[in-house]
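Q:
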Amino acid sequence: MTNAILLAAILAACGVVIWVLWRQQDTQPSKPAEQEDARIPPLLRGINFLLSDEPDRAMKELVHVAKLQTETAEVYLALGDMFRNKGEFGRAVRIHQNLLARPDLPQHLHMQAQFALAVDFQAGGLLGRALQQYARVLDRQPGHIAALEASLRIREQSREWELAEELLQRLDRVRGSNSALHHAYLQTEMARQKLSRKDEDGALAIVQQVVEQAPGCAAAHLLLAEIDLKRGDVESAVNSMRQLHAAAPYYLPLLIPVLLSHGEAYDSHGHAFLCQCWQEKHDEQLAIAWIRAVHTARGAEEARKTAREIAFEPRSLPACLHMTAMLGKEEPLTLASRQWQSAQKNYACSECGAKFVDMRWQCPQCHEWGSIRPIKDKDSA
């Protein structure tokens with residue numbers, strides 16, 4: 055994938071160089087032919103190396119072209135992008151900083167170099183400097199969508215949810231859109247952060263509003279049930295579980311360990327609620343998650359008891375392997391089942407297809423919120 059990106063960048067750079075040379079030949083007919091011709095051989099060599107799948111040698115030739123025409127900003131912008139895509143962030147930064155130091159740089163190229171420098175910092179992991187540079191871009195052009203989107207990604211990555219929410223509001227104004235579900239997930243993360251700081255009342259107020267305004271936000275239903283359990287309001291917690299089961303039943307297994315951590319609530323209400331859910335659909339994944347959570351919280355005997363109570367009989371090979379890994383005797387088949395289980399990717403993004411071992415609400419690959427769901431056993435076998 056990296057080589058493909060680099061080759062694409064070099065090809066784009068070659069296009070820029072060819073266009074610049076053609077434009078200069080068209081607009082400056084009096085320039086000596088020797089000076090024009092001096093750039094043609096390295097350009098052709100660069101294209102030849104590119105076609106021969108030798109991107110490093112191609113890049114050296116393009117650098118030589120740029121040195122022969124030092125005033126050509128477009129060539130340097132393309133080279134900076136190539137160095138960044140190759141992982142040479144320091145060289146990319148220096149190229150773009152040198153461009154910005156030119157007093158005669160046209161305004162549109164100055165803006166491109168400002169943005170490119172911000173991307174350099176972000177790609178190199180210098181997130182603070184990237185944010186400062188994106189802010190400079192936005193000072194000049196408040197509606198720069200790419201700068202707003204990149205700043206939003208950094209704030210989300212840094213778990214600065216209030217600032218991320220402000221940036222998303224700006225993006226909605228610029229685009230004329232309404233990212234209601236995205237807002238709901240950001241606000242749910244704000245509530246989760248408040249809960250981690252022992253502010254249950256503040257977390258409850260936010261998440262109740264999210265559930266009311268965006269009932270499709272599964273994370274909000276889960277968090278609301280968790281807060282209700284912490285507060286000892288079991289009936290409200292069960293109501294939140296019912297809402298989650300109606301809206302997105304595939305997320306219900308995520309709540310079972312939390313429910314089991316409140317033993318009295320599980321025994322008095324939770325067990326009956328899960329039995330009801332099981333009777334409605336006989337969902338294998340729900341049963342396996344339930345038995346696994348009981349096994350973790352209360353041991354193998356309680357897990358076997360739960361399996362008997364719901365008369366669970368695995369119908370697929372993956373389900374059989376899961377049960378053997380959890381409750382089988384210490385023998386080769388059980389050990390092999392555990393190895394298989396530990397290697398499984400349990401969740402996948404419905405947008406980009408990326409797979410993960412653990413659940414997360416935002417896909418780290420495509421950055422979509424609420425797109426990761428449990429993989430069905432038939433898909434993971």
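Convert by adding 54 to the 1-based position in the sequence shown; the result is the number in the numbering used here. Note that CB positions come from ideal geometry on N, CA and C, so glycine has one too.
Take the Cβ of residue 88 as the centre, count every other Cβ of all protein chains shown within 10 Å, and call the residue buried at 16 or more, exposed below.
A: Mapped onto the sequence shown, residue 88 falls at position 34. At residue 88, the pLDDT of 47 sits below 50, so the modelled position is not reliable and the matter cannot be decided from this model.
Q: For residue 134 and residue 145, what's the separation of their Cα atoms in angstroms?
A: Against the sequence shown, residue 134 aligns to sequence position 80. Against the sequence shown, residue 145 aligns to sequence position 91. Answer to the nearest angstrom: the Cα atoms are 7 Å apart.
Q: With a threshold of 16 other CB atoms inside 10 Å of the CB of residue 424, please say whether the residue is buried or exposed.
A: Residue mapping note: residue 424 aligns to position 370 of the sequence shown, counting from 1. Answer is buried; the Cβ neighbour count reaches 16.
Q: Going along the chain, which residues of its own chain have a beta-carbon closer than 6 Å to the beta-carbon of residue 311, five neighbours each way excluded?
A: Counting from one through the sequence shown, the residue named residue 311 turns up at place 257. Closer than 6 Å at Cβ, skipping near neighbours: 347.
Q: Give me the residue from 178, 149, 164, 158 with the minimum Cα distance to residue 141.
A: As a working note, residue 141 is residue 87 in the sequence shown. The residue with the shortest Cα to Cα distance from residue 141 is 178.
Q: Enumerate in chain order the residues of its own chain whose CB-to-CB distance from residue 80 is below 8 Å, with the five nearest sequence positions on each side excluded.
A: For the purposes of this step, residue 80 is taken as the residue at position 26 of the sequence shown. Note that residue 80 scores a pLDDT of 48, beneath 50, so its modelled location is shaky; the value from the coordinates is reported in the next line. So no residue of the chain qualifies.
Q: Is residue 333 helix, strand or coil when you go by DSSP?
A: Reading the sequence shown from its first residue, position 279 is the one you call residue 333. Helix.
Q: Pick out the complete beta strand (DSSP E) segments inside the region 213-292, 3 residues or longer, and give them in chain order.
A: You should have found no qualifying run.
Q: May I ask you to report which of helix, strand or coil DSSP gives residue 169?
A: Looking up residue 169 in the sequence shown gives position 115. Looking at residue 169 - three-state DSSP - the assignment turns out to be helix.
Q: According to DSSP, residue 420 sits in a beta bridge with which residue or residues?
A: Within the sequence shown, numbered from 1, the residue matching residue 420 stands at position 366. Its beta-bridge partners do not exist; DSSP assigns none.
Q: Which residues share a DSSP beta bridge with residue 426?
A: Start at 1 with the first residue of the sequence shown, and residue 426 comes out as number 372. Answer is 403.
Q: Output the distance between the C-alpha atoms of residue 323 and residue 137, rounded to the nearest integer angstrom.
A: As a working mapping, residue 323 is identified with position 269 in the sequence shown. As a working mapping, residue 137 is identified with position 83 in the sequence shown. Looking at the two C-alpha atoms, the distance is approximately 60 Å.
Q: Let me confirm a value: residue 372 is counted as buried when at least 16 other C-beta atoms fall within 10 Å, else exposed. Which label applies?
A: If you number the sequence shown from 1, residue 372 lands on position 318. With 16 or more other Cβ atoms within 10 Å, it is buried.
Q: Write down every uninterrupted run of the beta strand (DSSP E) in the region 352-401 whose length is 3 residues or greater and which is fully enclosed by it, in chain order.
A: Runs found: none.
Q: Might you give, ordered along the chain, the residues of its own chain that have their beta carbon closer than 8 Å to the beta carbon of residue 301, omitting 5 neighbours on each side?
A: Here the question's residue 301 lines up with position 247 in the sequence shown. Cβ within range, chain order: 269, 270, 272, 275.
Q: Can you tell which of 250, 292, 255, 213 has the C-alpha that lies nearest to the C-alpha of residue 239?
A: In the sequence shown, counting from the first residue as 1, residue 239 sits at position 185. Taking only the C-alpha atoms, the option nearest residue 239 is 213.
Q: Over the uninterrupted alpha helix (DSSP H) stretch that includes residue 159, give me the two end residues.
A: As a working mapping, residue 159 is identified with position 105 in the sequence shown. It is not in any alpha helix (DSSP H) - residue 159 carries neither H nor E in the DSSP assignment.
Q: Please confirm whether residue 181 and residue 208 have their CB atoms less than 7 Å apart.
A: What you label residue 181 is simply residue 127 of the sequence shown in a count that begins at 1. What you label residue 208 is simply residue 154 of the sequence shown in a count that begins at 1. Yes, these two residues count as a Cβ contact at 7 Å.
Q: In the DSSP assignment, what are the bridge partners of residue 409?
A: Translated into the one-based positions of the sequence shown, residue 409 becomes position 355. Beta-bridge pairing links residue 409 to 402.
Q: Are there 16 or more other CB atoms within 10 angstroms of the CB of residue 76, so buried, or fewer, so exposed?
A: Against the sequence shown, residue 76 aligns to sequence position 22. Model confidence at residue 76 stands at a pLDDT of 47, short of 50, so the residue's coordinates are unreliable; what they give is reported in the following sentence. Per the 10 Å Cβ criterion, exposed.
Q: How many whole angstroms separate the CB atoms of residue 292 and residue 327, which I take to be in contact at a CB cut-off of 8 Å?
A: As a working mapping, residue 292 is identified with position 238 in the sequence shown. As a working mapping, residue 327 is identified with position 273 in the sequence shown. Indeed they touch by this definition, with Cβ atoms about 6 Å apart.
Q: Using three-state DSSP, classify residue 196 as helix, strand or coil.
A: Stepping through the sequence shown from its first residue, residue 196 is reached at position 142. Three-state DSSP puts residue 196 in coil, outside helix and strand.
Q: Could you give the first and the last residue of the continuous alpha helix (DSSP H) run that contains residue 130?
A: Counted from its first residue, the sequence shown places residue 130 at position 76. Residues 127-139.
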